[in-house]
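Let me begin by presenting the structure, written as structure tokens, before commenting on it.
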Amino acid sequence: GKVLVTGANGYIAIWVVQALLNQGFSVRGTVRSESKAGHLREVFKSFGDKLEIVVVQDITKDGAFDEAVKGVDAIEHTASPFHLHAVEPDELIIPAVQGTTSVLKSALKHGSSVRRVVVLSSCAAVLNPSTEPRVFNETNWNEGSLQEVSEKGKDASPLAKYRTSKTLAEKAAWEFYEKNKSAVEWNLVVLNPPFVFGPILHAVDVPENLNSSMNDWYTTIIQGKMDKESLAKLGSSWVDVRDLAEAHVLAITKPEAAGQRLIISAGPYKWQDWVSAARRISKYIPQGNDSYNPAEAVHMIAYETTKADSVLGVKYRGIDQSTADILVDLKAKVFSH
Ligand code: NDP
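At position 76 of the sequence shown (counting the first as 1) the number is 82 in UniProt numbering, and the numbers step up by one without a gap.
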């Protein structure tokens, strides 16, 4: 089969492309400009014509994916901005929402061979900012960030703007699917990962150009920029990028994934857990908070994963494994520049 991957040059997407190719799928990846295609072609050159890269310049335009969806069996939609420097909330909301609906509209009109559409959402669309420890599941929707953005507009926090873009995009996907499901041969699967960490396969010239989540990891663990108290206090939940890529393959191959919203999480962490793991491997890692006791950590944001466990059966790497692989990878790729 052939799978369309939007935003194929992104941190997560390039691992999705690799997982698909490794499992024998052909891939058509979209990028925004020809300059972003070269690295993908280079990384996967051993796969020959199993990988095709096409340019979709503006994903927000109706009909943007009309050509790209033709002849594919499945779609993995990942392209969406993830950064925390938008001024107007619409800088994130418009590409997130319209990018999603334009893929779905093209799949409706021109995707006669499409049987499955996977939308990469986020736990940003699940969680509600809270000062109490909470465990979320797939029935939860982020309402708090939407409220903050509707009340404060451009003065809302950067995270609220990003989370709103992901929440509205996922809602738009489900609405579109509910409205059109009798007219299409495909069904929708939505994946909701928390923070994604792991080795880097996409093009990164300097550490400053790492994607958002790996930039956080790099500045916190390698550069030691977070204060001791915060290292022990702050955290969230996470998943390894390679496990999330595997989930994207399972989401198109498992019949029982049809129509499901699935949280893909390895578990909660405090930043010091990563520091401690990294220091067990390298003495050059800044020390962080030595008095932190993981057994006493209170996790504010955790997720139930029983649904994805039974539907997809993803196996999750742990913090030690991911840390070891990230350190080797950063040393080879990022520090050498
Ligand atoms: P990257 O920034 O590496 O990738 C983002 C991808 O989306 C790139 O291909 C990028 O293209 C594309 N993109 C961004 N803005 C636009 C736009 N306005 N129009 C068209 N394409 C655009 O980040 P990730 O790989 O981390 O993010 C991929 C997806 O994963 C996003 O949907 C994000 O919300 C989601 N996600 C990420 C998490 C994480 O921790 N990393 C956690 C949960 C969800 P270009 O290179 O041209 O800018």
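Ideal Cβ positions, reconstructed from N, Cα and C, are used throughout, including at glycine.
Just curious, the beta strand (DSSP E) that residue i is in, first and last residue?
{"i": "Gly44", "result": "From DSSP, Gly44 is part of no beta strand (DSSP E) but of the alpha helix (DSSP H) over 43-49."}
{"i": "Ser242", "result": "241-246"}
{"i": "Ser32", "result": "32-37"}
{"i": "Tyr309", "result": "307-309"}
{"i": "Lys8", "result": "8-12"}
{"i": "Gly150", "result": "Taken as a continuous stretch (DSSP letters only), Gly150 belongs to no beta strand (DSSP E), being part of the alpha helix (DSSP H) at 150-158."}
{"i": "Ile81", "result": "80-83"}
{"i": "Asn143", "result": "Note, Asn143: premise wrong, no beta strand (DSSP E); not H, not E."}
{"i": "Phe88", "result": "Here Phe88 belongs to no beta strand (DSSP E), and DSSP marks it neither H nor E."}
{"i": "Leu194", "result": "193-198"}
{"i": "Val190", "result": "Neither: Val190 is in no beta strand (DSSP E) and is coded neither H nor E."}
{"i": "Ala122", "result": "Position check: residue 122 holds Arg in this sequence, whereas Ala was assumed. Taken as a continuous stretch (DSSP letters only), the beta strand (DSSP E) holding Arg122 covers 122-126."}
{"i": "Val93", "result": "Premise fails: Val93 is in no beta strand (DSSP E) and is neither H nor E."}
{"i": "Val202", "result": "201-203"}
Note down the Cα distance separating residue i from residue j, rounded to an integer number of angstroms.
{"i": "Val190", "j": "Ser282", "result": "50 Å"}
{"i": "Asp161", "j": "Lys260", "result": "43 Å"}
{"i": "Pro101", "j": "Val93", "result": "14 Å"}
{"i": "Asp233", "j": "Thr226", "result": "9 Å"}
{"i": "Ser52", "j": "His305", "result": "43 Å"}
{"i": "Ala70", "j": "Asn198", "result": "25 Å"}
{"i": "Ile18", "j": "Ser151", "result": "24 Å"}
{"i": "His254", "j": "Val124", "result": "7 Å"}
{"i": "Ala25", "j": "Asn134", "result": "32 Å"}
{"i": "Leu256", "j": "Leu110", "result": "20 Å"}
{"i": "Gly13", "j": "Tyr168", "result": "17 Å"}
{"i": "Ala179", "j": "Gln293", "result": "44 Å"}
{"i": "Lys172", "j": "Phe88", "result": "9 Å"}
{"i": "Val60", "j": "Ala330", "result": "34 Å"}
{"i": "Val9", "j": "Thr66", "result": "21 Å"}
{"i": "Asn221", "j": "Pro213", "result": "7 Å"}
{"i": "Glu157", "j": "Val103", "result": "20 Å"}
{"i": "Arg34", "j": "Ala43", "result": "11 Å"}
{"i": "Val49", "j": "Gly30", "result": "16 Å"}
{"i": "Asp246", "j": "Asp55", "result": "28 Å"}
{"i": "Val334", "j": "Gln327", "result": "11 Å"}
{"i": "His116", "j": "Leu27", "result": "24 Å"}
{"i": "Tyr183", "j": "Val210", "result": "35 Å"}
{"i": "Pro95", "j": "Leu165", "result": "10 Å"}
{"i": "Val120", "j": "Ile81", "result": "7 Å"}
{"i": "Ile332", "j": "Pro200", "result": "18 Å"}
{"i": "Trp21", "j": "Arg248", "result": "6 Å"}
{"i": "Leu336", "j": "Ile206", "result": "8 Å"}
{"i": "His343", "j": "Gly265", "result": "Legend: pLDDT at His343 = 48, less than 50; position of this residue unreliable, no value from coordinates given."}
{"i": "residue 365", "j": "Val11", "result": "Residue 365 lies beyond the residue range present for the chain, which begins at 7 and ends at 343; the question has no answer from this structure."}
{"i": "Arg267", "j": "Thr145", "result": "9 Å"}
{"i": "Phe142", "j": "Glu149", "result": "13 Å"}
{"i": "Asp72", "j": "Ala85", "result": "16 Å"}
{"i": "Thr295", "j": "Val195", "result": "Correcting the residue identity first, residue 295 is Asn in this sequence and not Thr. Rounded to the nearest angstrom, the two C-alpha atoms are 40 Å apart."}
{"i": "Glu40", "j": "Asn15", "result": "11 Å"}
{"i": "Arg47", "j": "His208", "result": "11 Å"}
{"i": "Leu114", "j": "Gly77", "result": "13 Å"}
{"i": "Trp286", "j": "Cys129", "result": "It should be pointed out that residue 286 corresponds to Arg in this sequence rather than to Trp. Rounded to the nearest angstrom, the two C-alpha atoms are 30 Å apart."}
{"i": "Asp279", "j": "Val75", "result": "42 Å"}
{"i": "Trp192", "j": "Leu57", "result": "23 Å"}
{"i": "Lys187", "j": "Ala263", "result": "15 Å"}
Where do the N-terminal and C-terminal ends of the alpha helix (DSSP H) with residue i fall, by residue?
{"i": "Gly105", "result": "96-116"}
{"i": "Ala330", "result": "325-339"}
{"i": "Glu176", "result": "164-186"}
{"i": "Leu26", "result": "17-28"}
{"i": "Val317", "result": "312-317"}
Report back the beta-carbon spacing between residue i and residue j to the nearest angstrom; my notes put them in contact at under 8 Å.
{"i": "Glu235", "j": "Val320", "result": "About 34 Å separates the two Cβ atoms, so there is no contact after all."}
{"i": "Tyr275", "j": "Ile325", "result": "6 Å"}
{"i": "Ser108", "j": "Asp68", "result": "6 Å"}
{"i": "Ala308", "j": "Ile270", "result": "At roughly 14 Å, the Cβ-Cβ gap does not stay under 8 Å, so Ala308 and Ile270 are not in contact."}
{"i": "His83", "j": "Thr106", "result": "6 Å"}
{"i": "Leu240", "j": "Trp277", "result": "6 Å"}
{"i": "Ala131", "j": "Glu176", "result": "5 Å"}
Output yes if chain D places a C-beta closer than 8 Å to the C-beta of residue i; else output no.
{"i": "Trp223", "result": "The structure shown has no chain D; it contains just one protein chain."}
Legend entry - Secondary structure, beta strand (DSSP E): runs of 3+ residues fully inside the region 47-72: 57-61
Inset, instruction - Please list the segments of the beta strand (DSSP E) lying wholly inside the region 218-292, counting only runs of 3 or more residues, in order along the chain. - result: Segments of the beta strand (DSSP E) lying fully in the region 218-292: 241-246, 267-269, 273-276.
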